[in-house]
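What the sequence shown shows, in our numbering, is residues 86 to 958, in sequence order. Positions of the beta carbon are idealized from the N, C-alpha and C atoms, including for glycine. All of these numbers come straight from a predicted model, not from anything done at the bench. See below for the structure under consideration.
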Amino acid sequence: PQPVYLSDYQPPAYRVTHTELTFDLDPAATRVKARLLMERNDEVSDQTPLVLNGEHLALISLAIDGTPLTDADYQLNEKNLCIPKVPASFSLESEVEIAPSTNTALEGLYQSSGMYCTQCEAEGFRRITFYPDRPDVMATFTVTVIGDQESEPVLLANGNPVDSGKLENGRHFATWEDPHPKPCYLFALVAGNLHKVEDRFSTMSGRNVTLQIWVEKDNLDKTEHAMASLKRSMAWDEQTYGREYDLDLFMIVAVSDFNMGAMENKGLNIFNSAAVLTHPHTATDATFQNVEGIVAHEYFHNWSGNRVTCRDWFQLSLKEGFTVFRDQCFSADTNSAPVKRIQDVSFFRTAQFAEDAGPTAHPVRPDHFIEITNFYTLTIYEKGAEVVRMLCNLVGWDNFRRGADQYFERFDGQAVTIEDFVGCMADTSGEDLSQFMRWYAQAGTPEIDAHGEYDYVKSEYHLTLRQRTPATPGQTTKQPLHIPVRMGLVGTKSGQDLALTLEGETLGKDAVINLRDNEQTFVFTEVAEAPVPSLLRDFSAPVKLHFPYSREELAFLLTHDSDGFNRWDAGQRLAMLALDDLIAAHRNGVEKVMDARVIEAFRILLTGPVSDKAVLAEMLTLPSEAYIAEQQPIVDVDAIHAAREFVRQSLALALRDEFAATFEANRSDEPYAPTPEQIAQRSLKNIALSYLMSIEEEQAIAFCQAQFAADHNMTDVRHALTLLVHSDRDDLSSPALKAFGEKWAHDPLVMDQWFTIQVTRPQSDVLERVQFLMQHPAFSIKNPNKVRALIGAFAQNRVNFHRLDGQGYALLADVVIELNRLNPEIAARLITPLTRWQRFDETRQSLMRTQLERIKQEPLSSNVYEVVEKALA
Ligand code: BAL
Ligand code: ZN
């Protein structure tokens with residue numbers, strides 16, 4: 086397969102002004118008739134052939150302006166239909182046959198639990214009909230769906246329903262019209278035996294919008310939270326961005342088999358059931374929050390993505406980075422803002438930093454790709470959102486909001502570029518953002534080496550920042566970036582933020598300094614006392630910051646920093662220093678000694694006044710094994726696991742009474758609600774229970790078993806079950822697992838949790854468990870959620886996946902090879918842990934490479950080929 090390059094972009098030679106589609110549904114032989122009203126662009130010659138995308142389509146007939154074409158009039162291959170001569174303006178009529186029931190790639194039209202549904206982003210529409218399948222071709226659509234009245238009583242497509250009726254032979258039809266021009270990746274169709282819950286939203290201009298969530302009948306009691314989240318999102322986008330919904334109907338459909346989390350199709354969002362269904366007894370707090378965020382994300386795309394879309398797929402972060410930023414702000418406004426930031430950054434620094442440091446590293450705007458579905462990445466989404474956040478902070482919210490207004494107004498109905506977006510922000514703010522644009526072009530995580538000195542005589546603080554971005558594949562030299570560093574100086578005597586004066590300018594007590602050069606020294610004057618710097622507050626830029634903090638300084642920031650994010654980060658850094666010592670001790674075979682300063686810091690946290698329980702729970706959470714691994718030059722999975730367990734157990738032994746008191750103080754019998762207050766209280770109680778269970782005392786075990794048996798809500802049940810299953814005691818683990826598995830055998834989403842809990846335990850029987858569970862009736866390799874819950878989760882189990890006999894790697898490779906045939910998009914994503922082989926010891930490197938080479942021997946999809954090639958390059 087050959088890469089596509091951004092620099093080769095050409096506008097489309099032919100545009101589609103209107104698209105008419107008729108689907109006659111049949112599992113093995115769906116007929117799709119298309120009538121496309123097309124026009125040649127003025128810039129191209131009248132000799133320009135019409136080239137349409139089309140894959141896995143059986144062509145039945147083709148006509149132009151009603152005149153059938155013969156074989157001599159066109160050329161057809163596996164990917165394209167080419168008609169050498171067409172008029173300047175014409176209608177193209179085609180009929181094709183497709184087979185939804187055998188479409189295991191879950192792109193285009195396919196079947197899930199017997200219903201029909203579609204996924205067209207990025208390039209799935211070409212599996213439905215011949216079309217210019219590119220985002221810069223935008224058309225209005227009229228769609229007629231014909232189905233069986235019994236098996237498909239509900240027939241949905243984008244826009245507004247305009248007609249419906251009965252046909253012969255038990256068939257019926259529905260016609261939908263979408264008046265908003267859209268690219269074909271936003272097309273959607275759903276047909277099946279679905280049931281709806283309905284609500285209304287009155288927009289800011291007083292229009293009534295009907296809201297519907299369509300699900301299978303058994304799931305009707307799991308839609309309340311998604312509906313409430315949708316209404317909150319609609320109100321938030323009006324209040325925050327002045328954006329109003331633009332159709333009379335907004336639909337969400339839940340499907341079980343879905344590659345992504347959800348899809349923002351115009352007026353008809355299709356959701357992975359895991360991203361929409363919730364019930365207190367089946368979903369955890371984390372799922373409730375995730376659903377709220379995804380519902381918001383998809384809804385926000387109606388403007389940032391649908392009304393204004395991407396010119397080409399290299400611009401993917403234009404809509405995704407901006408929309409993730411929007412959904413992050415919405416969740417922060419709706420829940421605890423500091424906790425949202427801590428959780429997002431914690432995930433980002435673990436997973437996106439790893440992507441940036443690996444062989445698949447790419448810029449927020451890549452300049453080439455083989456398979457675009459491989460680029461729905463943490464870099465495009467999350468780093469893209471960090472870049473938009475920096476932009477917002479740089480120009481200030483008022484300018485950013487005016488820039489967003491300008492962007493939506495100027496480019497409404499168009500397919501545009503990242504320059505168009507940033508240009509609006511430059512216009513409204515007057516800022517020069519040319520250096521800032523490098524964030525979109527340069528891959529890799531910038532690192533800042535910082536050091537500071539206090540001059541007692543002059544009362545000055547000199548802060549020197551040096552930036553460097555490591556080389557990434559295809560980009561050996563890097564230019565300095567414009568990095569906004571939000572900071573404060575915390576006085577060591579007063580414990581307060583000191584006033585900042587920089588080059589004579591008074592900046593207040595919390596300010597942003599701009600690092601633009603490779604190295605800059607900032608001299609703060611009139612610094613009345615020796616400070617500890619608090620740098621990169623609220624994670625003001627997606628970089629790694631190195632500052633030689635002493636443990637005493639970190640303990641000081643942990644209690645005194647006015648920035649909640651940096652208080653948390655100081656705790657993480659302090660824990661990391663202790664963990665580093667313990668990892669070294671484990672490797673050297675010397676006795677491990679716990680750092681008393683960490684214990685004291687935790688004691689203060691547990692016994693001091695609590696202003697935000699959710700933040701406290703985060704502060705009591707140790708860096709994950711994956712995050713610790715990211716900080717090591719060579720990852721030693723066993724030493725990391727042993728060191729982290731040692732810290733957990735040492736803290737639990739030293740602070741047993743404090744953890745027990747925290748657990749007791751936060752128990753509650755209140756009826757479940759996913760409110761920020763309740764979620765905070767549960768997370769604090771459950772983190773305390775985790776520490777107590779790490780030493781497996783009888784009292785802790787009793788707490789855990791009681792919480793499991795009480796069956797109050799899934800957050801508590803799942804947490805207790807995880808602790809029991811991850812304990813060393815089979816007498817605790819087996820009965821609980823059995824009871825849970827039997828109780829929830831009928832619920833696929835709960836069974837996914839049951840799979841994950843088992844295959845993430847640290848005990849050494851996990852590989853055999855995975856093999857056993859792959860035969861379980863609730864598992865199916867064709868269902869992406871199952872694959873993620875069982876195989877994906879196993880590959881995150883660091884001690885077991887990285888077994889020294891290589892069997893963990895071999896198992897993953899086996900599954901990748903099978904999925905390469907069935908669902909290449911999921912197969913390519915699943916390989917990720919193997920691509921990180923450079924980070925491990927030589928033995929593991931060799932074992933991982935062996936499996937990558939084994940995959941490479943197969944006849945590969947372009948998706949898997951691209952990832953394996955990069956990993957072995
Ligand atoms: N556009 C694909 C799914 C999402 O990012 O919303
Ligand atoms: Zn999105």
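query: Could you compute how far the alpha carbon of R125 sits from the alpha carbon of L240?; result: 34 Å
query: In the DSSP output, what is F153 paired with across the bridge?; result: It is worth fixing the name first, because residue 153 is Pro in this sequence and not Phe. Note: P153 sits in a beta bridge opposite A148.
query: Would W524 be called buried (16 or more neighbouring beta carbons within 10 Å of its own) or exposed?; result: buried
query: Give me the residue from S849, G255, A745 with the minimum Cα distance to D815.; result: S849
query: Kindly indicate the opening and closing residues of the beta strand (DSSP E) around A794.; result: Note, A794: premise wrong, no beta strand (DSSP E); alpha helix (DSSP H) at 783-795.
query: Considering P423, what are the terminal residues of the alpha helix (DSSP H) in which it resides?; result: 422-432
query: At a threshold of 7 Å, does M348 count as lining the ligand BAL (C-beta to nearest heavy atom)?; result: yes
query: Could you spell out the range, first to last residue, of the beta strand (DSSP E) harbouring R72?; result: The requested residue 72 is not part of the displayed model; the chain covers only 86 to 958.
query: Cα-Cα, which of A359, E377, P185, T557 is closest to A958?; result: T557
query: Using the three-state DSSP reduction, which class does F624 fall into: helix, strand or coil?; result: coil
query: Return the bridge partner residues of H280 from the DSSP annotation.; result: V300
query: Taking DSSP as the reference, what is the three-state secondary structure of L161?; result: strand
query: Kindly examine the ligand ZN and report whether one of its heavy atoms sits closer than 7 Å to the Cβ of T462.; result: no
query: Which residue marks the beginning of the beta strand (DSSP E) containing N603, and which one marks its end?; result: Premise fails: N603 is in no beta strand (DSSP E) and is neither H nor E.
query: What are the residues that DSSP puts in a beta bridge with S635?; result: Paired residues: none, contrary to the question.
query: Got a sec: does the ligand BAL put a non-hydrogen atom nearer than 7 Å to the Cβ of E456?; result: no
query: Near N868, what residues of its chain come up, given a Cβ to Cβ distance below 6 Å and the 5 sequence neighbours on each side ignored?; result: D342
query: Per DSSP, what kind of secondary structure is T308 in: helix, strand or coil?; result: coil
query: According to DSSP, simplified to helix, strand and coil, what is M522?; result: coil
query: Use the C-beta contact count for V247: other C-beta atoms within 10 angstroms, 16 or more gives buried, fewer gives exposed.; result: exposed
query: Going by other Cβ atoms of all chains shown within 10 Å of its Cβ, with 16 needed for buried, is N162 buried or exposed?; result: exposed
query: Which whole-angstrom value describes the C-beta separation of I533 and Q552, a residue pair presumed to lie in contact below a C-beta threshold of 8 Å?; result: 5 Å
query: I want to check one thing, is the minimum distance from the CB of E405 to the heavy atoms of the ligand ZN below 7 Å?; result: yes
query: Using a Cβ distance threshold of 8 Å, determine whether the region 559-579 contacts the region 461-469, with at least three qualifying pairs required.; result: no
query: If you reduce the DSSP assignment to three classes, tell me which class V473 lands in.; result: helix
query: Tell me which residues share the same chain as S314 and place their Cβ nearer than 6 Å to its Cβ, disregarding the 5 neighbours each side in the sequence.; result: E377, V380
query: Spatial neighbours of R729 within its chain, please: CB distance less than 7 Å, with the 5 preceding and 5 following residues excluded, ordered by chain position.; result: L664, L707, E710, I713
query: Mapping the DSSP letters down to three states, classify R256 as helix, strand or coil.; result: strand
query: What's the C-alpha gap between G576 and L736?; result: 30 Å
query: Going by DSSP, what residues sit across from R100 in a beta bridge?; result: E124
query: Quick one: Cα of R888 to Cα of A880, how far?; result: 11 Å
query: Expressed to the nearest angstrom, what Euclidean distance is found between the alpha-carbon atoms of T531 and F650?; result: A small fix is needed here, since residue 531 is Pro in this sequence, not Thr. Their backbone Cα atoms lie some 20 Å apart in a straight line.
query: Are the CB atoms of V361 and L279 within a distance shorter than 8 Å?; result: no
query: Can we count E206 as close to the ligand FAD, meaning its CB is less than 7 Å from some heavy atom?; result: Absence of the ligand FAD from the depicted structure is noted, with the ligand BAL and the ligand ZN being the only ligands included.
query: Pick helix, strand or coil for L707, following the three-state DSSP scheme.; result: coil
query: Checking the sheet assignment: what are the DSSP bridge partners for V855?; result: DSSP output for V855 lists no bridge partner at all.
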